[in-house]
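Asker: There's a structure below that I have some questions on.
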Amino acid sequence: MLNKALIGIISALIFVVLQAVISSVNTKATYEFSTKNNNIAQDTLQLTLNDGHASMLISRKCNTNNYSSHFNGVFLRFQNHYYLLGMEHIDNNNSQLMFSSFFMDSLRSGDAIYISHSPISCQNNYYSDILLGKRVIN
């Protein structure tokens, strides 16, 4: 009896992961997100999702501090939830392994919304985890 339950659980997990892989391989889109808050904080994000490969350019300005990075890696897609794994290149000599997750949805108006909990934020509370943008036609 325990073997049948274990086979069912393993089969369900394999099915869910397989569905995520197929969904990510069939995804081809480019998005541009940005936000600006009273000239104190400014964020831009360009996200390209293509056949399971993710590429991201991040630029953040917090008061006088500037942060920019480039991400290359792979992603899994569960409906509107994305999970990224890859290398983040902060500058030419500084790279790190990064795992990130976010929620992204395209609205009927053609706009898109990006919701993430990023560890990179301003020292003050002017940074928002929600970015609005548009899908770029490839």
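All letters in the sequence shown, in the order written, are residues 9 to 146 by the working numbering. The beta carbon of each residue, even a glycine, is placed where N, CA and C say it ideally should be. Quick caveat, the model's predicted, so the values are computed rather than measured.
With distances taken between CB atoms, is the gap from Glu96 to Met106 smaller than 9 Å?
Answerer: Here residue 96 refers to the residue found at position 88 when the sequence shown is read from its first residue. Here residue 106 refers to the residue found at position 98 when the sequence shown is read from its first residue. Contact: yes.
Asker: Less than 6 Å between C-beta atoms, sequence neighbours within five positions excluded: which residues of the same chain meet that for Ser124?
Answerer: Locating residue 124 in the sequence shown gives position 116, counting from the first residue. Excluding positions up to five away in sequence, the list reads Phe110 and Asp137.
Asker: Closest to Gln54 by CA distance: which of His78, Leu26 and Thr72 is it?
Answerer: Position 46 of the sequence shown, counted from the start, is the residue given in the question as residue 54. The shortest C-alpha separation from Gln54 is found at His78.
Asker: Can you tell me the Cα-Cα spacing of Gly118 and His89, whole angstroms?
Answerer: In the sequence shown, the residue the question calls residue 118 occupies position 110. In the sequence shown, the residue the question calls residue 89 occupies position 81. Cα to Cα, the separation comes out at about 19 Å.
Asker: Roughly how many angstroms lie between the CA atoms of Ser114 and Leu84, to the nearest whole one?
Answerer: Against the sequence shown, residue 114 aligns to sequence position 106. Against the sequence shown, residue 84 aligns to sequence position 76. In a straight line, the C-alpha of Ser114 is about 18 Å away from that of Leu84.
Asker: In angstroms with no decimal places, state the Cα-to-Cα distance between Leu140 and Phe23.
Answerer: Locating residue 140 in the sequence shown gives position 132, where the first residue counts as 1. Locating residue 23 in the sequence shown gives position 15, where the first residue counts as 1. Roughly 33 Å separates the two Cα atoms.
Asker: So, helix, strand or coil for Val24, using DSSP?
Answerer: Start at 1 with the first residue of the sequence shown, and residue 24 comes out as number 16. In the structure shown, Val24 sits in a helix (DSSP, three-state: H, G or I).
Asker: If we ignore side chains and look at the alpha-carbon of each, how far apart do Arg116 and Ile15 end up?
Answerer: In the sequence shown, residue 116 corresponds to position 108, counting from 1. In the sequence shown, residue 15 corresponds to position 7, counting from 1. So the alpha carbons of these two residues sit roughly 41 Å apart.
Asker: Helix, strand or coil: how does DSSP classify Leu92 here?
Answerer: Residue 92 sits at position 84 when you count from the first residue of the sequence shown. Three-state result, Leu92: strand.
Asker: The beta strand (DSSP E) with Ser109 in it runs from where to where?
Answerer: Start at 1 with the first residue of the sequence shown, and residue 109 comes out as number 101. Start and end: Asn102 to Ser114.
Asker: Are Leu57 and Thr35 closer than 9 Å when you measure CB to CB?
Answerer: On the sequence shown, position 49 is the one that residue 57 refers to. On the sequence shown, position 27 is the one that residue 35 refers to. In contact: Leu57 and Thr35 (Cβ atoms closer than 9 Å).
Asker: Distance check for Ala120 and Arg143, CA to CA, integer angstroms please.
Answerer: On the sequence shown, residue 143 is found 135 positions in, with the first residue counted as 1. On the sequence shown, residue 120 is found 112 positions in, with the first residue counted as 1. For Arg143 and Ala120, the distance between alpha carbons rounds to 7 Å.
Asker: From the DSSP output, in three-state form, read off Gly141 for me.
Answerer: Taking the first residue of the sequence shown as position 1, residue 141 is located at position 133. In this structure, Gly141 counts as strand in the three-state DSSP scheme.
Asker: Which partner residues does Ile121 have in the DSSP bridge list?
Answerer: For this step, residue 121 is matched to residue 113 along the sequence shown. Bridge partners of Ile121: Asp113 and Leu140.
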